[in-house]
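Peer 1:
Numbering (full-length UniProt numbering), first residue to last: 1 to 150.
1. From residue 39 to residue 65, what does the alpha carbon distance come to, in whole angstroms?
2. What does the alpha-carbon distance come out to for the pair residue 7 and residue 17?
3. Less than 7 Å between the CB of residue 11 and some heavy atom of the ligand HEM, yes or no?
4. Is it true that the CB of residue 2 sits closer than 8 Å to the CB of residue 30?
5. Can you tell me whether residue 19 is buried or exposed, with buried defined as 16 or more other CB within 10 angstroms of its CB?
6. By the DSSP assignment, the beta strand (DSSP E) with residue 127 in it spans what residues?
7. Quickly, what does DSSP pair residue 6 with across the bridge? List them, please.
8. Around the C-beta of residue 132, are 16 or more other C-beta atoms found within 10 angstroms, so that it is buried, or is it exposed?
9. Would you check if the distance between the CB atom of residue 42 and the CB atom of residue 72 is smaller than 8 Å?
10. Taking all protein chains shown into account, decide if residue 179 is buried (16 or more other Cβ within 10 angstroms of its Cβ) or exposed.
11. So within the UniProt domain "Pectinesterase catalytic" (1-133), which uninterrupted alpha helix (DSSP H) runs reach at least 4 residues, ignoring any that extend past its ends?
12. Rounded to a whole number of angstroms, what is the C-alpha to C-alpha distance between residue 50 and residue 63?
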């Protein structure tokens, strides 16, 4: 499914031997599925070397928007899984993140990795557009931000 996580504090745990810490692992059956993860206005408070995500299946899609990243977020940002698996079909993006782990220097150079530079593109991954949240979320009583925050 599709999920937008807002105002979250994401803490990492010590990995098991020979494992690496990744916050997300996502995949879709086709590029036309409207699924993926957005992490918006949140805090990645990693205490171990951490990656923002990796492909679980083809067409993996994850975007971080206006999120603090601690220094333990690795400079590469993202982790491959099983060599080159799905690196040519994924869509990963970062928009206006901040903190010592948010530096884009050293990030992966995969075809599907994007430094999002404009609000229009980032806006696609918000509650309003990614989840059509304005049509159903108010009935739940859950507090949310429909679009991009300032």
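We put the beta carbon where it would ideally sit given N, CA and C, even for glycine.
Peer 2: Quick answer:
1. 6 Å
2. 31 Å
3. This structure does not include the ligand HEM; it has no bound ligands of any sort.
4. No, these two residues do not count as a Cβ contact at 8 Å.
5. exposed
6. Per DSSP, residue 127 belongs to no beta strand (DSSP E); it is in the alpha helix (DSSP H), 127-130.
7. 40
8. The residue is exposed, with fewer than 16 neighbouring Cβ atoms inside 10 Å.
9. In this structure, residue 72 does not lie closer than 8 Å to residue 42 by Cβ.
10. This structure cannot speak to residue 179, because the chain is shown only from 1 to 150.
11. 119-123, 127-130
12. 16 Å
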